[in-house]
Amino acid sequence: MEVATFDELLTPAGRAVVDAATELLATDDELAVGSRLRRDHPPDLVAAAIGQVLLRRRAIAKFGADAERMWLTSDALEQASRPTVAAHRAERLRAAGVRTVLDLGCGIGADLTAYARAGLLVTGVERDQLRAAMARANLAELGLPTSVDVADAEGYDTDGFDAVFVDPARRDGRGRVFDPRRQSPSWELVTGLLAGVGVAKTAPGIAHRLVPEGTEAEFVSDAGDLVEATLWGRRFASTARRATVLPGGATLTTADEPDTVPVGEPAGWWYEPDPAVIRAGLVGAVVASVDGHLVDRHIAYVVADRHIATPFARAYRLVEEVPYREKRLRSTLRARDIGTLTIKKRGVDVVPEQLRPRLGLHGDREGTLILTRVAGAARAFLVEPV
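In our numbering, the protein residues as written are 981 to 1366.
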């Protein structure tokens, strides 16, 4: 979409086209709606309006009710932070005494929105004119104050801000870019900011060795999904690694890790650590919190003799150990009348999507099967989720 077309969408006439497209797409398909609207409106305006309606539908899963008023591009929607995650980050900055935030590469303004809602004074910088215009419009739609400059993050004057947030673009002309050293703005800019008041959002798969010394790497999950890592600069860092579980906000740090992590035989309760805990390398902290042990030093399953509720792991009650060999496993599961089987596996060469149909289960009950290594040997356990 051209900036001029977006400007036209913001006019009363343009908004009327978006409203009409919203109403018509509720009962008709995209082609029919486009054909009807083009009778009275320019084709580029109609295409832009329909595109916004379809993007808003996609955005509901991420932004909820806000999506109905937001202006979006497909790439910006994909990279935008979830509101729960952005709000957590904003609250942490507010609690640290931050009042002013500069967002370098603000996109459509998802993080700006969270910072403004937390009562922080925000300034956005975005080199893409369309995204910058959308960021201004989105915060205006939500009644939030902001200033957005069209500029390149490289070389932008960051002096005078209490915090500088940066979310490097993870796509280029060839697709997704996983190595932060190839993203934009440059890794040199990011690490320079992290030496002071910088805060950087990055993919949760970032290699631990790339995290600069003195920086805190916070791995964040939301509703069980590992969604991102936030690198907190020296001004805000309080530990080396942190796992945060949203929406509750429970957190573990390297200070919670025990000196030694015991390993032993399976027990009556199994715990599947949250993916943020695993990625942060803090499984040992879960072991300590449930008074348990690992079944294998290299596998992230925790077992214990009793059930202790924890936000950092999903708990399962052990029903019985079952045969690992496929033929005997099939007979055991059929004898239990299991027809719907959830398969969880770690450390074994099994593809659940291939194993499940080979078992040929047709019972009326549900079951959960853990396939894993115990002291290096493959074993199978039927468990029941709490």
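Every residue gets a Cβ at the ideal spot worked out from N, C-alpha and C, and that includes glycine.
In this structure, residue 1362 sits away from residue 1323, with a CB-CB distance that is not shorter than 8 Å. Residue nearest to residue 1085 within the set 1028, 1148, 1100 is 1148 (criterion: CA-CA distance). For the pair of segments examined, the segment 1229 to 1243 was found to touch the segment 1264 to 1275: the number of CB pairs separated by less than 8 Å reaches three. With three or more CB-CB distances shorter than 8 Å, the segment 1085 to 1096 counts as touching the segment 1108 to 1122. When beta bridges are read from the DSSP output, residue 1296 appears opposite 1250, 1365.
A direct Cα-Cα distance of roughly 20 Å separates residue 1346 from residue 1305.
Judged by beta-carbon spacing, residue 1002 lies beyond the 8 Å limit of residue 1026, meaning their Cβ atoms are not closer than that value. Non-local beta-carbon contacts of residue 1233 in its own chain, meaning distances under 6 Å to residues more than five positions away in sequence, involve 1219, 1222 in chain order. The way I'd put it, the segment 1043 to 1053 doesn't touch the segment 1008 to 1027; fewer than three beta-carbon pairs between them come closer than 8 Å. DSSP places residue 1289 in no alpha helix (DSSP H); its state is neither H nor E. Annotation: residue 1285 to residue 1231 spans about 24 Å, alpha carbon to alpha carbon. Residue 1317 and residue 1342 have their C-alpha atoms some 7 Å from each other. Annotation: residue 1039 is outside any beta strand (DSSP E); the continuous alpha helix (DSSP H) that includes it extends over 1023 to 1043. Distances from the CA of residue 1060 to each of 1039, 1074, 1077, 1249 were compared; the closest alpha carbon is that of 1039.
Comparing C-alpha distances from residue 1359 to each of 1246, 1366, 1203, 1293 shows the shortest one belongs to 1246.
By the CB criterion at 8 Å, residue 1082 and residue 986 fall outside the cutoff.
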